[in-house]
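Shown next, in structure tokens, is the structure this report addresses.
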Amino acid sequence: MTVSLADWFREAANWAFMIIAIPTLFAGWRTVTSNNIVRAVLYLVVSLAGTAALFIMLGAEFVGWTVVLVYIGAVIILFLIGIMITRAPLGVDADLSHARNVRTPAAVLGVLLFAVIGYAVIDAFENSMIEPFEPTATADLANLLFSRWVIPFEVVSFVLLAALIGGIALARKDDNGAQR
Amino acid sequence: MGNASYLAVAFEGILLIGALVVLLVAVVAGRSRAVWAPIAGASFLLAALAGVLQWIEVENGGGGMFFSAQNLQVIKSPMVVLDGFSAMASIVLGLVGFTAMLGSWDLVAKVGKRSAEFVALSLLAFAGLHMMAATPNLVVIFIGLETASISFYVLAGFIRADVKSDESALKYFLLGSLASALFLYGIALTFAATGSLTIYGVNSIRDFFSETVVSDPGILLVGMALMLVGLMFKISAAPFHQWAPDVYQGAPSGAVGLMAAGVKIAGFAALGRIFVGGFISQIDTWGPIVAVIAALSMVIGTTMALVQTDMKRLVAYSGVAHSGYLLLTLLAGVEGMSAMWFYLATYPFMIVGTFAIISTVSGPTSTSSPIEAMRGLSRRSPEMGWLLAIFMFGMSGMPFFAGFVGKILAFIAAGDAGYIWLVVVATLTTVIGFAFYLRVVATVFSGEDDDTTMIDPTLSSRFAVVIGATVTVVFGIVPWILIDVVRDALPL
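Protein chains in written order, with my numbering: chain A, 22 to 201; chain B, 108 to 599.
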């Protein structure tokens, strides 16, 4: 099945997709190119919000709102607080882009990986039409999570425990200075 | 079924309980190391014992697949599997973990008030490592990998006051996260291609291959390739090995044995489970790629090890070469699994023992350990000198040491699979490898008489080294004991 460009533009969902996707991409681009760390973080907010909107468009409500709550709500705030309390230099920081000599190879590698994966995905699914579907209800997700996937769910809590202990172990102050 | 399902997760359960008990004891009973030494040791030994019980259960026809909830068997998606493969992983990881913990004890003594965290993280890491071997579900393999990786990132940077340790931890974290992301991407694409996340069971990846003719393999190839890259990074196979020497050198000496040995075992267990257990029908596709990676690892690992002046970097590059030898066993498919487990049951003990000696000679918190520091070790501490020689002989593949038997089994596996050129490369690199292993031995047994600073190893590192050396020597002289056992260490 081939879709003509005119048909593509006639579909309202595609317009919605473009309106979300273009700012998301732009914000992602600015996140890695901005010399100002606070601006980079704020661009990341836009990029993540766009991702959340795309998830909601796909009918994955819960994932979309999780991105908003956890990433935009918590992680970004932590970033900002982290920048503030570590007295990192605010404003333009030339050091942020000192690695100019690796930019080109990194960009080439990124584009190459994108091309390979993009090609593979399009190649695999080009002719298949995705049936219209109901948005995934959070209740269904919860039912699966606490039945079929309960073992991975439990194990994830130990990943978090390890991360928590690790964070404390690295950040805690030694009062006896024994680590030397 | 009820008891067996508890037995299937006994290894993880014991270590997780051990980790929580250590943390609680640290709060309640103060932070005296003497309290949690027995807890950590007992956890690892009990976990290994659970592995033995699992093994007996499997030998008696028990075992099989286990689901999150038994009443949900309608959705046949197993999360835990109990077979010879996972039972063997329990035994090996439990014993290596115990030995490595003994080798790390000098460091635990040095990190003062943070020692409980060190012990708890080690226990959690090994629980995650075993998860990678004992689950048929790709998502659970990933979660296990992350549990172990996050713990090891922290262990690498445990000596915060040392900039090199920080750098090592950050490097490990950034590159390791990238590898984990690639692995996860591979899982997602494999799911897109096969419609399944599980290797066994109904609607599994294996069912997919037996029922479907893959006409358009593009997405599947990319998925498999990304998973392969992710795991190759973890086992430090060339060309994904650049992190290993820097991280080994920068991490505190006392912690490297634990990290290096554990990741090797679990990384190969996951490779065996996924590629031999799940993608065995595609072996003609991934076999040649693994063969090239194996050849690169052996050549790069050996040649780079020749020019190292630092003991830890040398062991890191030798680890790259050993990953290459271990990859040979994957090429033989299911027949190679017993050879892989023989290697994994012996080589990690040599790593642990070597790092216990490095930690003794250069200090547990040290971040560099020049080979010159080993000069005259045979006089300064005769037992450490002789045992280091044993480990070097073992790693080099000298006859009558376990490394020799492991290598021969790996070569036979690759030869049976038809990769004769690879066996030739492996033999050549083994011969070249003697050069740098014997250089270390020569350094240990040379030196002027003026340097007579005696080294007095602690009891725990003595134990670690002696256990490691015993494994190296015993399974080098009477290897058939272990060969008979690992013959049954097959994936379901």
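Backbone N, C-alpha and C fix where the C-beta goes; we use that ideal spot for every residue, glycine too. All of these numbers come straight from a predicted model, not from anything done at the bench.
Chain B contact residues for Trp170(A), given Cβ-Cβ distances below 7 angstroms: Ser175
Interface residues of chain A around Ala227(B) at Cβ under 8 angstroms? Within chain A, the residues whose beta carbon sits less than 8 angstroms from that of Ala227(B) are Ile186, listed in sequence order.
C-beta contact flag for Leu435(B) and Trp393(B) at 8 angstroms: no
With DSSP collapsed to three states, give me the class of Pro44(A). Three-state result, Pro44(A): helix.
Does chain A have any CB closer than 8 angstroms to the CB of Phe582(B)? Output row for Phe582(B): interface = no.
Using a cut-off of 7 angstroms between C-beta atoms, extract the partners of Val180(A) located in chain B. Ile250, Glu253, Thr254, Ile257
Do the CB positions of Ser287(B) and Ala240(B) come within less than 8 angstroms of each other? no
For Met105(A), which three-state DSSP category applies? helix
How long is the line joining the alpha carbons of Gly125(B) and Met561(B), rounded to whole angstroms? 37 angstroms
Simplified DSSP assignment, three categories, for Phe259(B): Phe259(B) falls in the helix class under three-state DSSP.
Using 10 angstroms around the beta-carbon of Arg201(A), count the other beta-carbons present and answer buried if the total reaches 16, otherwise exposed. Confidence is the limiting factor: at Arg201(A) the pLDDT is only 37, short of 50, which leaves the residue's position unreliable and the question unanswerable from this model.
Touch check for the region 353–362 of chain B and the region 211–221 of chain B: three-plus C-beta pairs under 8 angstroms? yes
Gly540(B), DSSP secondary structure in three states: helix
Return the first residue and the last residue of the beta strand (DSSP E) that Gly171(B) is part of. It spans 171–173 - the beta strand (DSSP E) in which Gly171(B) sits, taken as one unbroken run.
Contact under 8 angstroms by Cβ, Leu289(B) with Phe249(B): Not in contact: Leu289(B) and Phe249(B) (Cβ atoms no closer than 8 angstroms).
Could you compute how far the alpha carbon of Gly198(A) sits from the alpha carbon of Val354(B)? With a pLDDT of 46 at Gly198(A), under the threshold of 50, the predicted position of this residue should be treated as unreliable, and no value is reported.
Where Glu147(A) falls, given that 16 or more other Cβ within 10 Å makes a residue buried: So Glu147(A) counts as exposed.
Measuring alpha carbon to alpha carbon, tell me which of Leu182(A), Ala158(A), Phe174(A), Ala184(A) ends up nearest Glu82(A). Ala158(A)
Three or more C-beta pairs under 8 angstroms: does that hold for the region 481–494 of chain B against the region 369–380 of chain B? Contact fails: fewer than three Cβ-Cβ distances are below 8 angstroms.
Establish whether the CB of Ile189(A) and some CB of chain B are separated by less than 8 angstroms. yes
Strictly by DSSP, which residues pair up with Pro145(B)? According to DSSP, which records beta bridges pairwise, Pro145(B) is partnered with nothing at all.
In the structure shown, what three-state DSSP assignment does Leu599(B) receive? Taken through DSSP and simplified to helix, strand or coil, Leu599(B) comes out as coil.
The beta strand (DSSP E) with Leu189(B) in it runs from where to where? 187–189
Cα-Cα separation, Phe259(B) to Ser229(B): 8 angstroms
If you drop the 5 nearest sequence neighbours on each side, which residues of the same chain put their C-beta closer than 6 angstroms to that of Lys341(B)? Val370, Gly374
Can we say the region 320–339 of chain B touches the region 197–206 of chain B, given the rule of at least three CB pairs closer than 8 angstroms? no
Would you mind stating whether Phe154(A) and Gly71(A) have Cβ atoms separated by less than 8 angstroms? no
Which same chain residues, not among the five before or five after Met108(B), have their C-beta less than 6 angstroms away from its C-beta? Only weak support is given to the placement of Met108(B): the predicted model assigns it a pLDDT of 45, under 50, and the value that follows is read from those uncertain coordinates. Correct list: empty, nothing qualifies.
Quick check: the region 459–472 of chain B against the region 513–533 of chain B, are at least 3 beta-carbon pairs closer than 8 angstroms? no
Chain A partners of Glu224(B), CB-CB under 7 angstroms? Ile186, Ile189, Ala190
Using a Cβ-Cβ distance under 8 angstroms, would Asp161(A) count as near chain B? no
Residues sharing a beta bridge with Asp417(B), DSSP: DSSP output for Asp417(B) lists Pro477(B) as bridge partner(s).
Using three-state DSSP, classify Thr472(B) as helix, strand or coil. coil
Reducing DSSP to helix, strand and coil, say where Thr305(B) ends up. strand
Cβ-based neighbour list, Ala155(B), same chain, cut-off 6 angstroms, excluding 5 preceding and 5 following: Ile198, Gly201, Leu202
If we ignore side chains and look at the alpha-carbon of each, how far apart do Ala73(A) and Val88(A) end up? 6 angstroms
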